[in-house]
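Novice:
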Amino acid sequence: MRFIIILLFAFMVSSCDSAKQLIDSTLGGTSTYKPSNSEVISGLKEALKRGTTSGSDVLAKVNGYFENPSVKIFFPDELKNAESKLRDIGLGSLADNIILSFNRAAESAASEAKPIFINAITQMTVGDAMNILLGPDDAATQYLKKTTSDKLYSKFKPVIDNHLNKVGATKYWSEAVTKYNSIPFTNNKLPKDVSDYVANEAMDGLFFMIEKEEARIRQDPLTRTTQILKKVFGYADEQKG
């Protein structure tokens, strides 16, 4: 009788452990299972592709930048006084047109980012993947910044140049520069080339969206909708916990 009780107790413990593993797997929770190197790379690539695709697709839509206060491109901070003066002298619509053009140019450029990101993701090494997996919540985003920023800029700049010219932003900016710089006693003159500023702001907005998606996957187990994401990030949770 005692032997039977021991067997039943052992079965109950085993069942509880199995149930816990099932729950953890379902919810994307932690697991004692250590993923292989290929699984880590596969999971990280999936997460990065999701984040970059989501970010670039959202921002490439009409109003993707313009109606998102987190990434909307305004006048440079150091030129806020310039914008205020333009509005003070009755050129508010001109300032509005410039801001709209900035964001339309960024939306046009955002669609160019996806192949650059995919190329960087496919070249990820095992060392890169492990550093990202066990790193801070923005480790993947920082990896992409390091490996794609130069290529993104070289791709974004001509697209933005072309779009700013096409929609008249260069004209609006040139007109604003001429009128603002002619205001007496103006200390900070506006720069005539604005596409460099817009390109960098567009890239910052794109990385912001990627970082946001990365944080969601790391912090919310319910966003891990595939087994590989559950396994890889569940392991990372356990290692950090």
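If you're matching positions, the sequence shown starts at 90 in the numbering used here and goes up one per residue.
Each residue gets a CB set at the ideal place from its N, CA and C atoms; glycine is no exception.
Note that this is a predicted model, so its numbers are computed, not measured.
(1) Which stretch, first to last residue, makes up the alpha helix (DSSP H) that contains N254?
(2) Could you tell me whether the segment 216 to 235 touches the segment 263 to 273, using the rule of 3 or more Cβ pairs below 8 angstroms?
(3) Can you tell which of R307, N208 and L180 has its C-alpha closest to the C-alpha of Y324?
(4) Tell me the DSSP secondary structure of N157 in three-state form.
(5) Does any heavy atom of the ligand GTP sit closer than 8 angstroms to the C-beta of D177?
(6) Taking 8 angstroms as the limit between beta carbons, can you name the residues of its chain near R313, skipping five residues before and five after?
(7) By the 10 Å Cβ neighbour count, where 16 or more other Cβ atoms means buried, how is E156 classified, buried or exposed?
(8) Can you list, in chain order, the residues of its chain with a C-beta nearer than 7 angstroms to that of N192? Leave out the 5 residues immediately preceding and following it.
(9) Give the straight-line distance between the Cα atoms of Y122 and I210, rounded to the nearest whole angstrom.
(10) When the distance is taken between beta carbons, is S143 closer than 9 angstroms to E302?
(11) Determine the closest residue to V151 out of L189, D309 and S271, with distance taken between C-alpha atoms.
(12) Are the Cβ atoms of K255 and A202 separated by less than 9 angstroms?
(13) Quick one: grab the DSSP three-state call for N208.
(14) Are the CB atoms of K174 and I272 nearer to each other than 9 angstroms?
(15) Measuring alpha carbon to alpha carbon, tell me which residue in T141, V283 and K329 is nearest A199.
(16) Have a look at E128, Y242, I299 and S284 and flag the residue whose alpha-carbon is nearest the alpha-carbon of T259.
(17) Can you check whether the C-beta of R193 is within less than 9 angstroms of a C-beta belonging to chain B?
(18) I'd like to know whether the C-beta atoms of Y242 and M292 end up nearer to each other than 9 angstroms.
(19) Would you tell me roughly how many angstroms separate the C-alpha atoms of E300 and A229, rounded to the nearest one?
Specialist: In brief:
(1) For the purposes of this step, residue 254 is identified with residue 165 of the sequence shown, where counting begins at 1. That run of the alpha helix (DSSP H) goes A228 to K255.
(2) no
(3) Locating residue 324 in the sequence shown gives position 235, counting from the first residue. Ranking R307, N208 and L180 by Cα distance to Y324 puts R307 first.
(4) Counting from 1 along the sequence shown, the entry for residue 157 is found at position 68. Taken through DSSP and simplified to helix, strand or coil, N157 comes out as coil.
(5) This structure lacks the ligand GTP; in fact it carries no ligand of any kind.
(6) Within the sequence shown, residue 313 is the residue found at index 224, counting from 1. Non-local beta-carbon contacts of R313 in its own chain, meaning distances under 8 angstroms to residues more than five positions away in sequence, involve G117, I306, K319, F322 and G323 in chain order.
(7) In the sequence shown, residue 156 corresponds to position 67, counting from 1. The residue is exposed, with fewer than 16 neighbouring Cβ atoms inside 10 Å.
(8) Counting from one through the sequence shown, the residue named residue 192 turns up at place 103. Around N192: Y154, F155, K161 and I162.
(9) One-based indexing of the sequence shown puts residue 122 at position 33. One-based indexing of the sequence shown puts residue 210 at position 121. Spanning the two alpha carbons is a distance of roughly 25 angstroms.
(10) Counting from one through the sequence shown, the residue named residue 302 turns up at place 213. Counting from one through the sequence shown, the residue named residue 143 turns up at place 54. It is a contact, given that the beta carbons lie within the stated cut-off.
(11) Here the question's residue 151 lines up with position 62 in the sequence shown. That would be L189, whose Cα lies nearest to the Cα of V151.
(12) Along the sequence shown, one-based indexing puts residue 255 at 166. Along the sequence shown, one-based indexing puts residue 202 at 113. No, they are not a contact pair.
(13) Along the sequence shown, one-based indexing puts residue 208 at 119. Three-state DSSP puts N208 in a helix.
(14) Numbered from 1 along the sequence shown, position 85 holds the residue referred to as residue 174. Numbered from 1 along the sequence shown, position 183 holds the residue referred to as residue 272. Going by C-beta atoms, K174 is nearer than 9 angstroms to I272.
(15) Here residue 199 is taken as the residue at index 110 of the sequence shown, counted from 1. Closest option to A199, Cα to Cα, is T141.
(16) To locate residue 259, count along the sequence shown from 1; it is residue 170. Ranking E128, Y242, I299 and S284 by CA distance to the CA of T259 puts S284 first.
(17) Annotation note: the requested chain B is absent from the structure, which comprises a single protein chain.
(18) Stepping through the sequence shown from its first residue, residue 242 is reached at position 153. Stepping through the sequence shown from its first residue, residue 292 is reached at position 203. Yes, Cβ-Cβ distance for Y242 and M292 is below 9 angstroms.
(19) Here residue 300 is taken as the residue at index 211 of the sequence shown, counted from 1. Here residue 229 is taken as the residue at index 140 of the sequence shown, counted from 1. Approximately 8 angstroms, taken between the alpha carbons.
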